[in-house]
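Residue numbers (my numbering): 7 to 90.
Even glycine gets a Cβ: it sits at the ideal position worked out from N, Cα and C.
Quick notes on the structure that follows.
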Amino acid sequence: MTTRFIGIKEFRANISKFATSPQRRTQRLILMRNQKPIFEIKPLTARDANIESLLLRLKKSEEDIKAGRYYTQAEVMKMVGNNR
């Protein structure tokens with residue numbers, strides 16, 4: 007993966023160009039302000055997006071469990087009509 011250093015003003019002026027170029031060239035961008043790095047922008051792969059989505063759903067699930075919004079296995083079995 008290549009790295010490119012750009013100023014924050016250049017990034018703001020050409021954001022649409024930069025939004026497509028890292029995907030094509032697997033290039034990460036380091037945004038600079040006053041010769042100091044402030045942000046790193048790198049392409050998000052489909053795998054990375056899926057992992058982030060999964061982590062968000064797991065966090066919500068944990069919050070639901072803590073709030074008591076869940077069903078036990080016996081309750082689910084009763085709902086679907088399998089009374090074992």
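- Beta bridge pairing from DSSP links LEU37 with ILE12, PHE45.
- The DSSP-derived three-state label of VAL82 is helix.
- Short of 7 Å from the beta carbon of PHE11, and not among the five residues preceding or following it, lie these beta carbons of its own chain, in chain order: ILE36, MET38.
- Minimum Cα-Cα distance from ILE44 among the listed residues ALA80, PHE17, GLY74 corresponds to PHE17.
- Collapsing the DSSP output to three states places ASN88 in coil.
- In the structure shown, ALA19 adopts helical secondary structure according to DSSP, grouped into three states.
- Boundaries of the alpha helix (DSSP H) around ALA52: 52 to 72.
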